[in-house]
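Please read the structure below before turning to the comments.
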Amino acid sequence: MIMSFLQVALGGAIGAILRFAVGLGALRFAAPGFPVGVLLVNVLGSFLMGVFAVYSFHRGVQHLNPLVMTGLLGGFTTFSAFSLEAFTLYERGHIATAGLYVSLSIVLSLGALALGVWVARGLWA
Numbered sequence: 003m004i005m006s007f008l009q010v011a012l013g014g015a016i017g018a019i020l021r022f023a024v025g026l027g028a029l030r031f032a033a034p035g036f037p038v039g040v041l042l043v044n045v046l047g048s049f050l051m052g053v054f055a056v057y058s059f060h061r062g063v064q065h066l067n068p069l070v071m072t073g074l075l076g077g078f079t080t081f082s083a084f085s086l087e088a089f090t091l092y093e094r095g096h097i098a099t100a101g102l103y104v105s106l107s108i109v110l111s112l113g114a115l116a117l118g119v120w121v122a123r124g125l126w127a
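Just remember that the working numbering sits 2 ahead of the position in the sequence shown, which is counted from 1.
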């Protein structure tokens, strides 16, 4: 069990560094005001999550999932895990549940962020 935690930690550190690097790189090429770096890591991370989910199943390397899927891709972008969960629900035929999950995730996450900003501004403004 400790090895799984170490894999997640290592992958998470690498993923976070890569996300930071992509964000900095995107600043050089993007128009100001649009979060192209975040969009890029979310889309790329979701793509890589899909590729690795299938690869690990077909190649029998699920033991690398904590390192790659939870750690690396989770550290690179948590949106990839969200995308995998939503797609899995859809693929299993739970279309309404997938739609509800996507809608609730977006609305509640944005709402929670707004609430956090409101609380923090009340505390430290």
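Glycine is no exception: its CB is placed at the ideal position from the N, C-alpha and C atoms.
Q. Secondary structure at Gly118, three-state DSSP: helix, strand or coil?
A. Numbered from its first residue, the sequence shown carries residue 118 at position 116. In the three-state reduction of the DSSP assignment, Gly118 falls in the helix class.
(Q) If I measure Cβ to Cβ from Ser85 and keep anything under 6 Å in the same chain, skipping five residues before and after, which residues do I get? (A) Reading the sequence shown from its first residue, position 83 is the one you call residue 85. For Ser85, same chain residues with a beta-carbon under 6 Å away, outside a window of 5 residues either side, are Ser48 in chain order.
**Q.** Secondary structure of Ala28, DSSP reduced to three states
**A.** Stepping through the sequence shown from its first residue, residue 28 is reached at position 26. The three-state secondary structure of Ala28, taken from DSSP, is helix.
**Q.** Euclidean distance between Cα positions of Ser105 and Gly77
**A.** Within the sequence shown, numbered from 1, the residue matching residue 105 stands at position 103. Within the sequence shown, numbered from 1, the residue matching residue 77 stands at position 75. One C-alpha to the other measures close to 23 Å.
Q: Starting from Leu66, follow the alpha helix (DSSP H) in both directions and report where the run begins and ends.
A: Taking the sequence shown and counting its residues from 1, the one referred to as residue 66 is at position 64. No alpha helix (DSSP H) holds Leu66; DSSP gives it neither H nor E.
Q | Run of the alpha helix (DSSP H) containing Met51, from where it starts to where it stops | A | What you label residue 51 is simply residue 49 of the sequence shown in a count that begins at 1. Val38 to Arg61 is the extent of the alpha helix (DSSP H) around Met51.
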